[in-house]
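Notes to accompany the following structure.
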Amino acid sequence: MMKKKYLAVSLLSLALLTLSGCQAVENWFKNAQEDWLGLEMTVRTYDENSQLIDRMSGKSLSISRNKEFDSVDAEGNSKEDSSVLKVTLGKYEIDHVGSSLIAEEKGLTDVFAQYQKNVDREENSSSVPVLNRMVSKLKNEFTGKEKVILIRSQNGTPLATYAGNRVSLNKSDAPKTSELLIDGKRLIIYRCDYTIYDRELLE
Numbered sequence: 001m002m003k004k005k006y007l008a009v010s011l012l013s014l015a016l017l018t019l020s021g022c023q024a025v026e027n028w029f030k031n032a033q034e035d036w037l038g039l040e041m042t043v044r045t046y047d048e049n050s051q052l053i054d055r056m057s058g059k060s061l062s063i064s065r066n067k068e069f070d071s072v073d074a075e076g077n078s079k080e081d082s083s084v085l086k087v088t089l090g091k092y093e094i095d096h097v098g099s100s101l102i103a104e105e106k107g108l109t110d111v112f113a114q115y116q117k118n119v120d121r122e123e124n125s126s127s128v129p130v131l132n133r134m135v136s137k138l139k140n141e142f143t144g145k146e147k148v149i150l151i152r153s154q155n156g157t158p159l160a161t162y163a164g165n166r167v168s169l170n171k172s173d174a175p176k177t178s179e180l181l182i183d184g185k186r187l188i189i190y191r192c193d194y195t196i197y198d199r200e201l202l203e
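Structure, rendered in structure tokens:
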């Protein structure tokens with residue numbers, strides 16, 4: 001009997017290890033973790049010129065659609081179309097709508113922020129695309145990376161950039177919101193423009 005239990009546990013563990021490389025399975029586990037435990041994340045909001053409005057961090061943070069603002073059809077069924085985000089930070093709740101928002105799980109790095117700190121003003125001429133400048137300036141940050149995500153504000157101003165070996169784009173239940181999984185870490189983008197590049201295109 002005990003041998004059968006050990007065999008079952010071993011097979012289950014092996015199956016989970018095999019599936020752990022699958023982005024869909026990894027995304028499912030990440031969603032479950034966010035719903036039940038929360039994620040250690042930093043949330044930043046920006047105006048249309050990519051200027052920081054506010055910033056908050058927490059060890060148990062989750063973001064979802066605020067269903068109270070869903071409209072209903074003639075039969076009274078929810079259209080699931082609320083654009084209001086419900087941000088839960090520990091025991092606190094924040095409702096957010098309108099301005100661009102980026103939520104990054106601990107472990108992700110916004111390489112655009114590093115680029116802005118390190119770039120020389122003379123190098124920042126508009127004749128060279130900003131992403132190519134970043135790749136040149138922060139070459140080590142991109143080494144071995146498979147995808148690069150360039151995020152822009154609602155008027156097209158560069159806002160943030162992330163890179164990863166394993167990147168997947170996933171559906172969110174909130175309108176105007178995208179969820180990405182970057183090397184096992186969650187990134188949430190709300191009301192932003194973005195482009196996901198193969199890294200080799202930028203070299």
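Just so it is clear: in the sequence shown, position 131 is 131 by the numbering used here, and no numbers are missing. Note that CB positions come from ideal geometry on N, CA and C, so glycine has one too. Since this is a predicted model, take the numbers as computed values, not measurements.
Alpha helix (DSSP H) runs wholly inside the region 46-118, at least 4 long, in chain order = 111-118
query = Looking only at C-alpha atoms, which of Glu200, Ser83 and Ser50 sits nearest to Asn132?
reply = Glu200
key: Sub-8 Å separation of Leu180 and Glu105 beta-carbons   = no
ask   = Which residues in the same chain have their Cβ closer than 8 Å to the Cβ of Asp95, if we skip the five residues on either side of it in sequence?
value = Asn66, Val84, Leu85, Lys86 and Val87
message = Output needed for Phe112: all residues of its chain with C-beta closer than 6 Å, excluding positions within five of it in sequence on either side, in chain order.
response = Ala160 and Thr161
ask   = Would you say Gly164 and Asp193 are within 8 Å of each other, going by their C-beta atoms?
value = no
ask   = Can Ile78 and Phe69 be called in contact, C-beta distance under 8 Å?
value = Reading off the sequence, residue 78 comes out as Ser, not Ile. Contact: no.
Enclosing beta strand (DSSP E) for Asn170 [first to last residue] = Val167 to Lys171
query = With 16 as the cutoff for other CB atoms within 10 Å, does Thr195 come out buried or exposed?
reply = exposed
task = Compute the distance between the beta-carbons of Leu89 and Met56, then report whether it is under 8 Å.
result = yes
request  = For Tyr197, I'd like the list of residues in its chain whose CB is within less than 6 Å of its CB, leaving aside the five on either flank, ordered along the chain.
outcome  = Val148
query = So which of Val97, Val72, Lys91 and Tyr92 has the shortest CA-CA distance to Ile189?
reply = Val97
query = Cβ of Ser64 within 8 Å of Cβ of Arg191?
reply = no
ask   = Given that a residue counts as buried once 16 or more other Cβ atoms are within 10 Å of its Cβ, and exposed if not, what is Val72?
value = exposed
ask   = By DSSP, does Ile152 sit in helix, in strand, or in coil?
value = Here residue 152 turns out to be Arg, not Ile, going by the sequence shown. In this structure, Arg152 counts as strand in the three-state DSSP scheme.
Among Arg44, Glu80 and Glu26, nearest to Pro175 - alpha-carbon criterion = Glu80
key: Opening and closing residue of the beta strand (DSSP E) in which Arg191 lies   = Looking at the DSSP string, Arg191 is not in any beta strand (DSSP E), and its letter there is neither H nor E.
message = Residues in the same chain with beta-carbon distance under 7 Å from Ile53, minus the five sequence neighbours each way, listed in chain order, please.
response = Thr45, Tyr46, Asp47 and Ser99
query = Span of the beta strand (DSSP E) holding Leu201?
reply = Per DSSP, Leu201 belongs to no beta strand (DSSP E) and is neither H nor E.
request  = Let me know if Lys171 comes out buried or exposed under the rule of 16 or more other beta-carbons within 10 Å of its beta-carbon.
outcome  = exposed
inquiry  = Checking the sheet assignment: what are the DSSP bridge partners for Ala174?
reply    = Answer by DSSP bridge pairing: none, since Ala174 is not bridged.
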